[in-house]
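All residue numbers for the sequence shown refer to my numbering, where the first residue is 16 and numbers rise by one.
Working notes, beginning with the structure itself.
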Amino acid sequence: MKALKYRCMLLGTKIEENVKMHDLFREVAIEIATKEHGFMVSAGNGWKSVNNSVTTISLMGNKRAELPEELVCPQLKVLLLERDDDLNVPERFFEGMKAIEVLSLKGGCLSLQSLQFSTNLQSLLLIECKCKDLISLRKLQRLKILVFSCCDSIKELPDEIGELKELRLLDLTGCKNLRRIPVNLIGRLKKLEELLIGFASFKGWDVVGCDSTEGMNASLTELNSLSHLAVLSLKIPKVECIPRDFVFPSLLKYDIVLGNPSLRTRLILLREAKYPISTRLCLGNISATSLNAKTFEQLFPTVSQIGFNNVEGLENIVLSSDQMTTHGHGSQKDFLQRLEHVEVRECGDIRTLFPAKWRQALKNLRSVVINRCESLEEIFELGEADEGINEEKELRLLSSLTKLQLSRLPELKCIWKGPTRHVSLQSLNHLELSCLDKLTFIFTPSLAQSLIHLETLHIKHCGGLKRLIREKDDEREIIPEPLGFPKLKTLSIRGCRYLKHVFPVSVSPSLQNLEEMEIDFADNLKQVFYSGEGDDIIVKSKIKDGIIDFPQLRKLSLSECSFFGPKDFAVQLPSLQCLSISGHEGGNLLAQLRGFTSLETLKLSSVPDMRCIWKGLVPCNLTTLKVNECKRLTHVFTDSMIASLIQLKILEISNCEELEQIVAKDNDDEKDQIFSGSDLQSACFPNLCRLEIRGCNKLKKLEVDGCPKLTIESATTSNDSMSAQSEGFMNLKEISIGNLEGVQDLMQVGRLVPNRRGGHELSLVSLETLCLNLLPDLRCIWKGLVPSNLTTLKVNYCKRLTHVFTDSMIASLVQLKVLEISNCEELEQIITKDNDDEKDQILSGSDLQSSCFPNLCRLEIGGCNKLKSVLPVAMASGLKKLQTLIVRESSQLLGVFGQDDHASPANTEKELVLPDLGWLFLEKLPSIVYFSHGCCDFRFPCLSILVVRQCPKLSTRFATTSNGSMSAQSEVSQIAEGSSTSCSVPTSTFKIWTRSYGWEEEKEEEDGVR
């Protein structure tokens, strides 16, 4: 394999055990195999005539191909087939292939009785296949590999499988309906090397097996009878079924899950490979005291991945120190020697994750992720080096650690406790810390000096953090070289209110690869770079003329910062593309930043003392300028700058109280004049796409002309005397309007406006996106036709809006893809009648038989308390592309799809299909009774997640069909608690259905899946 990789005939992947082959090599290999070895490969080309001398056939991707009643190929040894779920494999199909050794069938229906004459069969792989007559497997005595992958039809394994004495691999992965494995079936498979029953499969392990008790399931103790077992995939939801004296056998690879991990963890497991590729142990939602640590003593020496999720009573990385002392393995020094990845979440009792006695676990550790452990005080207890060990030759602790991620640990006081001189972070490249209230520093000087490969450093909401690097090491060693982070690319610090400084100024010359720096909401930050002890000598030797160059820095965001460095310190930023400054008083910070030759985006917010943005030439590459709350700013540009602004695309100015003009004259005698449109005939913003001006109360006139690419315009101000003129917005694609009182009728869409040629053109004909927010007096959005190119409409906090569309508009909305309406208190209906006499009527189903939203992908409604239904049921059949449907927090809503009293039930289909719907959320709807009015049922063949939360009156029955898809049935029914295939909701709780795991009830404090 290595030789083929070396010659590029095989390509590596993220998973070490997997390989890929280039298309060119694959075609050549198929050609050679076809000519010289009797191969037949036909992917997606249908069934072809078969030469009876072939030895291998691969017909993957031919789902609809009709199979012959019998295939006579006496030399055939390998057959790979793929079928549609509902197509049968003929019973005599295999009779003419007596020599077959490998059979793989994906999809279709198969009777195992049809294989009774295939006695040479050694590998049988059935994937997503409907199987029956499993008892016939007893005749396949040469079988070594037996795979039932995602075979939902299997509910019980026949006891006769235990007679397959040559079986090496048994795979039951994804057989979610498997309820019974007979006692001692597994124990009789003495040559079994690989057993895979983990992912979404059998869960009914018994504590002790007993042949005399009919119906009893297999026991974990049977694993100890398998002396050759090397690979194990296992999920045990109820730890009570683990006998107290049970010890897992020694294994080469395993993936063992105990308890019920969180939905997030399950989704991760679902994404990852189903076959064990390492040695992983995962515990979730169980009590550590219910486990005997001795059970895992054979696993601890080889485990490479450990995951703990909501494990009550967890004391440290090996469950419990007391248990390991009492039942300790003979060689505890071998414990955790191979540990590489650790993830701990919501374990409220743990105080020290890695005690000093388990220091050996730190030698090969590569990643540590810890989240929501309320009592955790320290991560690594280092202690002193063991006696007799040569520290120079000994591998330094944590020298392999590449990723450390800590979040929501309110009691964490230190990451590393004890002497750090025998610790090295030489491999660490990603460090992320968030919500660590009691952490006061991160590194000692000796640790900081070892960070030669650190690439990303993210710190947020660490309220007690005062310094990143502690000033004194409190250790005997002397740091001979200055600190440096030569590989650092991203530095992000946010919400650290006590942080005063970031790095010593001596570090700055090493940051030659820094690309992004973001330091926001650090209220007490004085300087990013500060003068530390001995820095003066380093600064003079490495920083010429007090100017440091950051050649790769492309993004810089600073808030609440007085100085970038010492007062005589300046920085050159030749590659800077995005600069954001907020909460800065005085001009000290801006004065230290120089050389914006590549600047594309500039954002200035809450800079109250700034009177002028530009000193010298404006950057010629500037595309975006956003200015907010710069109280003393009187103008943005001067006329001499305009010629340089040909790249400007976005201009947003808001809440600048003294702003009188956008463009001012250079001439001091005319500085108060507004730069008129006539002066700009040859100087304009040819690429301006977005113009937004808000809350600039001294701005009296705004002219927009000669901006051919302007696609977005928004202007709001409380100054009634402001006039705005615009011409020819034929290309206007997006409008955002917000925070305006008194506006009742929004726009005359079909209004004709004069153009420069003396003719007229229709305004807003290209409008695609309209966002309306905080318009408390708005009663009507449209006057005239709705824009025919509209794809997105978002309406929020329009309290007096009673409807969104009228029925005459629906035919024009064929392009609409996204419709989001929230917090519109008076909204009674989405679509209303045009006729004033009937304006309060809901549009009837008969009027909508040919009207729908054919391209609508996302529909979200929330906080509309007068809305009785979202859409008429007659429109549902037209929602062919709807992918996401979210309805929440609407107190009077009776159903998602409604129907008025005048609609005839005969005009409504008995079953409707939403073919692309993947996400359906119904949350906090206290009055909802039905999903759809009347006797109409719905099917959702592609639904992947359904959330029903706090809907106490909902009587609709949600049930899975035979092919695993979800349906909403109109009749009221009660289904027994715990059914995995259906759920009759009324429920005031929080229930989630996923295609992989069925129905589950989540904790109410979790805020759903987002």
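Yeah, the Cβ is synthetic: ideal placement off N, Cα and C, and Gly gets one too.
With respect to W220, I251 sits close: the two C-beta atoms are nearer than 8 Å. Counting only runs of 3+ residues, the beta strand (DSSP E) found wholly inside the segment 883–963 occupies 884–887, 899–903, 910–913, 926–928, 934–938, 945–947, 952–955, in chain order.
In this structure, the beta-carbon distance from P460 to L498 falls below 8 Å. Looking from the CA of F315, the closest CA among C297, G111, N325 belongs to C297.
Cβ contact annotation for K570 (same chain, cutoff 6 Å, sequence separation greater than five): E531, C593, in chain order. By the beta-carbon neighbour count (other beta carbons within 10 angstroms, threshold 16), D535 is buried.
With a contact defined as Cβ atoms closer than 8 Å, L568 and L617 miss out at about 15 Å.
Our two residues, D654 and L472, have alpha carbons roughly 43 Å apart in a direct line. With distances taken between CA atoms, M981 lies nearest to W934 out of L454, W934, L663. In the DSSP secondary-structure assignment, S302 is bridged to E327. Fully enclosed alpha helix (DSSP H) runs of no fewer than 4 residues are not present anywhere in the segment 115–143. In the DSSP annotation of this structure, L462 is not part of any beta strand (DSSP E); the continuous alpha helix (DSSP H) holding it starts and ends at 460–464. Here the alpha carbons of C477 and S507 stand approximately 12 Å from one another. Excluding residues up to 5 positions away in sequence, C786, E835 lie with their Cβ nearer than 6 Å to the Cβ of K809 in the same chain. Taking C-beta atoms as the reference points, L419 and I457 fail to come closer than 8 Å. Looking at the DSSP output, E361 shares a beta bridge with no other residue. Collapsing the DSSP output to three states places N788 in a strand. When C-beta atoms of the segment 193–203 are compared with those of the segment 293–308, fewer than three pairs fall below 8 Å, so the two segments do not count as touching. The shortest C-alpha to C-alpha distance from N325 to any of R374, R157, R22, G299 is the one to G299.
In this structure Y269 is in contact with L247, their Cβ atoms being roughly 4 Å apart against a cut-off of 8 Å. Of the other Cβ atoms in all chains shown, fewer than 16 fall within 10 Å of the Cβ of L26; this residue is therefore exposed.
The beta carbon of G979 sits closer than 8 Å to those of D167, R1010, all from its chain and outside the five residues before and after it, given in chain order.
For W629, the secondary structure class from DSSP, reduced to helix, strand or coil, is coil.
At a Cβ-Cβ threshold of 8 Å, L120 and C144 count as neighbours. For N870, the closest alpha carbon among the candidates K832, I846, K883 is that of K832. By the CB criterion at 8 Å, S138 and E116 fall inside the cutoff.
As a beta-bridge residue in DSSP terms, V586 pairs with I563, L608. In this structure, the alpha-carbon of V333 lies about 35 Å from that of L182. Each of C635, C627, L605 was checked against the Cα of T612, and the nearest Cα belongs to C635. By the C-beta density criterion, Y545 is buried, having at least 16 other C-beta atoms within 10 angstroms.
DSSP, reduced to helix, strand and coil, places C704 outside both helices and strands of the structure shown, so it counts as coil. Using a Cβ distance threshold of 8 Å, I596 and L604 count as a contacting pair. H52 counts as exposed, since fewer than 16 other beta carbons sit within 10 angstroms of its beta carbon. L96 and L130 have their C-alpha atoms spaced approximately 15 Å apart. The criterion of a C-beta distance shorter than 8 Å is not satisfied by G877 and S906.
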